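Visitor: FYI, UniProt numbering numbers position 135 of the sequence shown as 135, with every residue one higher than the one before it.
Each residue gets a CB set at the ideal place from its N, CA and C atoms; glycine is no exception.
Bear in mind that the values here come from a model prediction, so they are computed numbers and not experimental data.
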Amino acid sequence: MARVALDLLGGDGAPEVVADAVVTLLQDDADIDLVLVGPPDLAVELLTVRGVSLARVEVLPAFEVVPMDANPLEVLRIDAAREVPRVSVMVAALAVNSGAADAWVSVGHTGASVTAAVLACGKVPGMTRPAIAVVLPAIEGPVVLVDAGAFLDATPETLTQYAMAGWSFARTLGVVEPKVGLLNIGHEPGKGDELRSLAFEELAARLPPLGIDFIGNIEGGDAADGLRAQVVVTDGFTGNVLLKGIEGTVAWAAHRIGGAYGDLAPARAVVREVASGDFAGGMLLGVNGVTVVGHGSGSANGVRACVRLAARAADRGIIDSTRSLFASLVVEDGG
1 MARVALDLLG
11 GDGAPEVVAD
21 AVVTLLQDDA
31 DIDLVLVGPP
41 DLAVELLTVR
51 GVSLARVEVL
61 PAFEVVPMDA
71 NPLEVLRIDA
81 AREVPRVSVM
91 VAALAVNSGA
101 ADAWVSVGHT
111 GASVTAAVLA
121 CGKVPGMTRP
131 AIAVVLPAIE
141 GPVVLVDAGA
151 FLDATPETLT
161 QYAMAGWSFA
171 RTLGVVEPKV
181 GLLNIGHEPG
191 KGDELRSLAF
201 EELAARLPPL
211 GIDFIGNIEG
221 GDAADGLRAQ
231 VVVTDGFTGN
241 VLLKGIEGTV
251 AWAAHRIGGA
261 YGDLAPARAV
271 VREVASGDFA
281 GGMLLGVNGV
291 TVVGHGSGSA
301 NGVRACVRLA
311 ARAADRGIID
321 STRSLFASLV
331 VEDGG
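#1: Given Val17, which residues of its chain have a CB within under 7 Å of its CB, disregarding the five upstream and five downstream residues?
#2: With 16 as the cutoff for other CB atoms within 10 Å, does Arg228 come out buried or exposed?
#3: Do Ser321 and Ser168 have their CB atoms nearer than 8 Å?
#4: Can you give me the start and stop residues for the alpha helix (DSSP H) that Leu94 sits inside?
#5: Can you give the Cα-Cα distance for Ala5 and Thr110, rounded to whole angstroms?
#6: Put Ile215 into one of helix, strand or coil per three-state DSSP.
#7: For Asp29 and Pro142, I'd like the C-alpha separation in whole angstroms.
#8: Okay, do the segment 42-53 and the segment 69-80 touch, 3+ Cβ pairs below 8 Å being the bar?
#9: How about Leu173 and Thr234: are their beta carbons less than 8 Å apart?
#10: Entirely within the segment 27-57 and at least 4 residues each: give me those alpha helix (DSSP H) ranges in chain order.
#11: Kindly indicate which three-state DSSP category Thr322 falls into: helix, strand or coil?
#12: Provide the residue(s) that pair with Ile132 in DSSP beta bridges, ordered along the chain.
#13: How should Trp104 be labelled, buried or exposed, when 16 other C-beta atoms within 10 angstroms of its C-beta is the threshold for buried?
#14: Under the three-state reduction of DSSP, which class applies to Pro137: helix, strand or coil?
#15: Report the residue from Cys121, Ala199 and Val307 whose alpha carbon sits nearest the alpha carbon of Ser98.
#16: Note down the Cα distance separating Pro125 from Ala313, rounded to an integer number of angstroms.
#17: How many angstroms separate the CA atom of Leu325 from the CA atom of Gly221?
#18: Please go through the same chain and pick out, in chain order, the residues whose beta-carbon is closer than 6 Å to the beta-carbon of Glu58, but skip the five residues on each side of it.
#19: Tell me the DSSP bridge mates of Trp104?
#20: If you draw a straight line from the alpha carbon of Arg323 to that of Lys123, how long is it in whole angstroms?
#21: Please confirm if the segment 206-226 is in contact with the segment 142-157, defined as three or more CB-CB distances below 8 Å between the two stretches.
#22: Based on DSSP bridge pairs, tell me the residues matched to Val144.
#23: With DSSP run on the structure shown, which of helix, strand or coil describes Gly186?
#24: Ignore the nearest five residues each way along the sequence and tell me which others in Thr238's own chain have a CB closer than 8 Å to its CB.
#25: State buried or exposed for Arg56, treating a residue as buried only when at least 16 other CB atoms are found within 10 Å of its CB.
#26: Does Gln161 pass the burial test, meaning 16 or more other C-beta atoms within 10 Å, or should it be called exposed?
#27: Starting from the Cα of Leu243, find the closest Cα among Leu285, Leu152 and Leu136 and give me that residue.
#28: Give the DSSP-derived three-state secondary structure of Pro156 in the structure shown.
#29: Check whether the Cβ atoms of Asn288 and Ile319 lie closer than 8 Å to each other.
#30: Return helix, strand or coil for Lys191, following the three-state DSSP convention.
#31: How long is the line joining the alpha carbons of Pro266 and Val250, rounded to whole angstroms?
#32: Does the beta-carbon of Pro189 have 16 or more other beta-carbons within 10 angstroms, so that it is buried, or is it exposed?
#33: Let me know the secondary structure DSSP gives Val331 once reduced to three states.
#34: Along the chain, where does the alpha helix (DSSP H) that runs through Asn301 open and close?
#35: Would you tell me roughly how many angstroms separate the C-alpha atoms of Thr158 and Arg129, rounded to the nearest one?
#36: With a Cβ-Cβ cutoff of 8 Å, do Ile185 and Lys191 count as a contact?
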């Protein structure tokens, strides 16, 4: 059973949609314990109105969020230095670091969530910086896209680290032997810009000795079918553009198909299914604590999906498996 800390204050629809998600989680997910992070009085009010027994949810006090126009690092460094932190993402991340929770979730400010996770939990040794991994709604899924927006730029070395962490994550999702592909503008070696060319060489040299199958370059369409690769590696800028493009395409296709057949209900059901699945949240890879960052609209179903993803990753030991893989890299390098 996983214990998940949930940020009450993060997201455009917070705190109401988070409270709505708590109701459905308590009804449907008896194997998940919830720790709600936010103002206690507000949490009590929201849960009482919804008929939730306060005995079933622990509340960790937090009273502030990182403003969208603020520098998350500056705000959270100050908060971490307080005797009692007050910012919700920092309180949630510290709960994981202290062992009070097994995982934490926020659907708020992505930069703040990434920064809080690094400050509170630290990075996995061997991982230069974390990356966001999103499970794409592929035909032959799951397909893990990494990085989906934690950092805009990348180097061949960080892309190799993303590939390793994404491969480990895919295995926790049940993919037995994930294949890794480098997102590019064509399948042939030598395609793309300098980063892609150098990354291809780095991935081809570093991954096979670790038992990871690197299949070379893949195109954007390959990410949607899951036939060639189950882990798609790219920089955060490109990955986020691909992610938002997929979101828009799913909505567009559903609308057009529903309109053509005169009934939007089935198409909308598909969109809801995608939005309420693993696609709703991004797993932050490379930090020493299970962290899920929500993206998209932040609906109650999306929040619930993020919590379920976090619980599953914690139960299946994503952190330990990632550490073990990077430890084997150190041995391979003779460290």
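Guide: With the given structure in hand:
#1: Indexing the sequence shown from 1 puts residue 17 at position 17. The answer, listed in chain order, is Gly11, Gly298, Ser299, Ala300 and Val303.
#2: Position 228 of the sequence shown, counting from 1, holds the residue named residue 228. Classification for Arg228: buried.
#3: Counting from 1 along the sequence shown, the entry for residue 321 is found at position 321. Counting from 1 along the sequence shown, the entry for residue 168 is found at position 168. It is a contact, given that the beta carbons lie within the stated cut-off.
#4: On the sequence shown, residue 94 is found 94 positions in, with the first residue counted as 1. Unbroken alpha helix (DSSP H) run through Leu94: Ser88 to Ser98.
#5: Reading the sequence shown from its first residue, position 5 is the one you call residue 5. Reading the sequence shown from its first residue, position 110 is the one you call residue 110. Near 16 Å, if we compare the C-alpha coordinates of Thr110 and Ala5.
#6: As a working mapping, residue 215 is identified with position 215 in the sequence shown. Ile215 sits in a strand when the DSSP states are folded into three classes.
#7: Here residue 29 refers to the residue found at position 29 when the sequence shown is read from its first residue. Here residue 142 refers to the residue found at position 142 when the sequence shown is read from its first residue. Roughly 22 Å separates the two Cα atoms.
#8: no
#9: Taking the first residue of the sequence shown as 1, we reach residue 173 at position 173. Taking the first residue of the sequence shown as 1, we reach residue 234 at position 234. Taking 8 Å as the Cβ cut-off, Leu173 and Thr234 do not qualify as a contacting pair.
#10: 40-49
#11: As a first step, residue 322 must be located in the sequence shown, where it is residue number 322. The answer is helix: DSSP assigns Thr322 an H, G or I state.
#12: Working through the sequence shown from its first residue, we reach residue 132 at position 132. DSSP output for Ile132 lists Leu284 as bridge partner(s).
#13: One-based indexing of the sequence shown puts residue 104 at position 104. Burial call: buried.
#14: The residue labelled residue 137 in the question sits at position 137 within the sequence shown. Three-state result, Pro137: coil.
#15: Position 98 of the sequence shown, counted from the first residue, corresponds to residue 98. Considering only Cys121, Ala199 and Val307, the residue with the shortest C-alpha distance to Ser98 is Cys121.
#16: Position 125 of the sequence shown, counting from 1, holds the residue named residue 125. Position 313 of the sequence shown, counting from 1, holds the residue named residue 313. Pro125 and Ala313: Cα-Cα distance of roughly 19 Å.
#17: Locating residue 325 in the sequence shown gives position 325, counting from the first residue. Locating residue 221 in the sequence shown gives position 221, counting from the first residue. Roughly 29 Å separates the two Cα atoms.
#18: One-based indexing of the sequence shown puts residue 58 at position 58. Cβ within range, chain order: Val35.
#19: In the sequence shown, residue 104 corresponds to position 104, counting from 1. When beta bridges are read from the DSSP output, Trp104 appears opposite Ala5 and Thr291.
#20: For this step, residue 323 is matched to residue 323 along the sequence shown. For this step, residue 123 is matched to residue 123 along the sequence shown. Answer to the nearest angstrom: the Cα atoms are 10 Å apart.
#21: Pairwise C-beta distances place the segment 206-226 in contact with the segment 142-157, as three or more of them are shorter than 8 Å.
#22: Counted from its first residue, the sequence shown places residue 144 at position 144. Partner(s): Val135 and Val231.
#23: If you number the sequence shown from 1, residue 186 lands on position 186. In the three-state reduction of the DSSP assignment, Gly186 falls in the coil class, being assigned neither a helical nor a strand state.
#24: Along the sequence shown, read from residue 1 onward, the residue named residue 238 stands at position 238. These residues qualify, in order along the chain: Leu183.
#25: To locate residue 56, count along the sequence shown from 1; it is residue 56. Flag for Arg56 reads exposed.
#26: Position 161 of the sequence shown, counted from the first residue, corresponds to residue 161. Burial call: buried.
#27: In the sequence shown, residue 243 corresponds to position 243, counting from 1. The residue with the shortest Cα to Cα distance from Leu243 is Leu136.
#28: Here residue 156 corresponds to residue number 156 of the sequence shown, with the count starting at 1. DSSP places Pro156 in helix when its eight states are reduced to three.
#29: Your numbering for residue 288 matches position 288 in the sequence shown. Your numbering for residue 319 matches position 319 in the sequence shown. Their beta carbons are under 8 Å apart, which means Asn288 touches Ile319 by this criterion.
#30: Numbered from 1 along the sequence shown, position 191 holds the residue referred to as residue 191. Coil, per DSSP.
#31: As a first step, residue 266 is located in the sequence shown; it is residue number 266 there, counting from the start. As a first step, residue 250 is located in the sequence shown; it is residue number 250 there, counting from the start. Their Cα atoms are separated by approximately 13 Å.
#32: Counting from one through the sequence shown, the residue named residue 189 turns up at place 189. Burial call: exposed.
#33: By one-based count along the sequence shown, residue 331 stands at place 331. With a pLDDT of 47 at Val331, under the threshold of 50, the predicted position of this residue should be treated as unreliable, though the coordinate-derived value follows. DSSP places Val331 in helix when its eight states are reduced to three.
#34: Numbered from 1 along the sequence shown, position 301 holds the residue referred to as residue 301. Residues Ala300 to Asp315.
#35: By 1-based counting over the sequence shown, the position of residue 158 is 158. By 1-based counting over the sequence shown, the position of residue 129 is 129. In a straight line, the C-alpha of Thr158 is about 8 Å away from that of Arg129.
#36: As a working mapping, residue 185 is identified with position 185 in the sequence shown. As a working mapping, residue 191 is identified with position 191 in the sequence shown. Pairing Ile185 with Lys191 gives a Cβ-Cβ distance under 8 Å.
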